[in-house]
Structure formats: structure tokens, C-alpha cells
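This report refers to the structure that appears directly beneath it.
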Amino acid sequence: MQIYSCDNYFILGVRSLIEKLDISNSSGMIVFDAGSEYVYIFHGDKLRHADINNSFSALVYCSHAFLSKNATLNAYASRLQASPEKDFDDETMAILTRREEMIIKALYKVSNRKHLAEMFSISEKTVSTHTRRGLHKLGVKNTNTLHRILQAWQAVLPAILPDS
0 MQIYSCDNYF ILGVRSLIEK LDISNSSGMI VFDAGSEYVY IFHGDKLRHA
50 DINNSFSALV YCSHAFLSKN ATLNAYASRL QASPEKDFDD ETMAILTRRE
100 EMIIKALYKV SNRKHLAEMF SISEKTVSTH TRRGLHKLGV KNTNTLHRIL
150 QAWQAVLPAI LPDS
């Protein structure tokens with residue numbers, strides 16, 4: 000198991016939970032604390048075999064693999080013990096519309112909605128609607144959290160995908 004977090008107490012807690020609950024089948028699991036209120040727990044092999052080459056595609060692919068940091072011990076235990084077959088797959092990935100994906104990707108570079116509206120020749124309200132819907136599908140609360148999560152993915156992705 001690999002644990003990626005800047006929070007040493009979180010790392011100690013996950014290790015303690017694994018010991019306490021005698022979770023033996025945790026090899027290949029990745030626990031990734033992206034610095035938000037959620038933690039991503041998934042099988043690394045699934046991510047390695049997917050066509051993931053940037054932080055945004057990793058976020059989309061793992062959008063249903065997150066768990067609240069305040070979740071119960073049982074929720075953590077069941078997620079940590081999940082078999083690769085029961086882990087997320089293409090059907091559980093966030094399905095963003097083409098426009099939602101374009102706008103959310105652009106939000107990472109240009110945070111001004113007025114500029115985005117001009118860039119895509121759409122209204123600011125349309126930008127807001129696509130942003131809100133896309134962030135909801137990804138389980139992200141707001142654009143500040145999106146920036147923080149994407150930066151965290153960008154930092155940890157080379158360690159998770161060493162061959163890329």
C-alpha cells in the first residue's frame with residue numbers, strides 16, 4: 000500500500016487502521032490525500048493501465064474513488080479491502096460533457112469567468128452553469144478546491160505512474 004499525504008497524523012491513522020483491522024489484502028492500494036476534505040482510495044494498477052497522462056484525467060478517472068476524511072472506520076475498512084474488480088471502472092467515472100470538460104480544464108489556467116466566456120463565445124452564466132455541474136460530477140466543492148486537488152494530483156502522479 001502506498002499512502003500519499005502531507006498530513007503525518009492522517010498517515011499514522013491509516014497505518015494504524017490497517018494494523019488494527021488486520022487488513023491483509025491491501026497491496027496495490029493507494030491512499031491519496033489531495034488536501035481537501037476527501038481522500039482517494041483506489042487500486043494503483045487500475046490507474047496505471049488506464050490512459051492517464053495528466054492531473055485532470057487522473058481526477059476524472061478517480062472521481063468516484065473518494066471518501067470523506069470524516070467517514071466511519073467501517074467505510075475506510077471496506078474501501079481498503081475492495082478487490083480490484085470492485086474498484087471503479089469506466090461506468091463509474093465522472094461523465095463530463097465536452098463543454099464541461101473544456102471549461103473546467105480552462106478554469107485551471109484562466110480563473111476569470113468573463114475571460115472564459117469570451118474565449119468560448121458563450122455567456123458568463125453558461126460558464127457558471129457548466130462549471131457548477133462539472134465540479135459537482137467530480138465531487139469538488141469549488142474552483143479553489145479544484146486548483147488544490149489538481150496541483151496535488153500533479154505532484155503525486157509521477158510517483159504513481161513511474162513509467163510515464
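Per numbering that gives the first Met the number 0: the sequence shown = residues 0 to 163. Positions of the beta carbon are idealized from the N, C-alpha and C atoms, including for glycine. All figures in this text were calculated on a predicted structure; none of them were measured in a lab.
Taking the straight line between their C-alpha atoms, what separation do you get for residue i and residue j?
i	j	result
residue 76	residue 38	13 Å
residue 145	residue 139	6 Å
residue 163	residue 56	Legend: pLDDT at residue 163 = 49, less than 50; position of this residue unreliable, value from coordinates given subsequently. Computed Cα separation, rounded: 14 Å.
residue 161	residue 68	27 Å
residue 116	residue 18	51 Å
residue 127	residue 8	37 Å
residue 105	residue 20	43 Å
residue 95	residue 103	10 Å
residue 119	residue 108	14 Å
Helix, strand or coil: how does DSSP classify residue i here?
i	result
residue 42	strand
residue 95	coil
residue 62	coil
residue 0	coil
residue 159	helix
Would residue i pass as a contact of residue j if the rule is Cβ separation under 8 Å?
i	j	result
residue 80	residue 22	yes
residue 112	residue 123	yes
residue 60	residue 72	no
residue 99	residue 133	yes
residue 15	residue 136	no
residue 147	residue 34	yes
residue 4	residue 156	no
Given residue i, which residues of its chain have a CB within under 6 Å of its CB, disregarding the five upstream and five downstream residues?
i	result
residue 2	10, 13, 30
residue 121	none
State yes or no: is the beta carbon of residue i nearer than 8 Å to at least one beta carbon in chain D?
i	result
residue 104	Annotation note: the requested chain D is absent from the structure, which comprises a single protein chain.
Ignore the nearest five residues each way along the sequence and tell me which others in residue i's own chain have a CB closer than 8 Å to its CB.
i	result
residue 141	134
Which residues in the same chain as residue i place their Cβ atom closer than 7 Å to its Cβ, once the five residues preceding and following it in sequence are excluded?
i	result
residue 159	29, 43, 46
Those runs of the alpha helix (DSSP H) which lie wholly inside the segment 98 to 144 and span at least 4 residues: 112 to 119, 123 to 137
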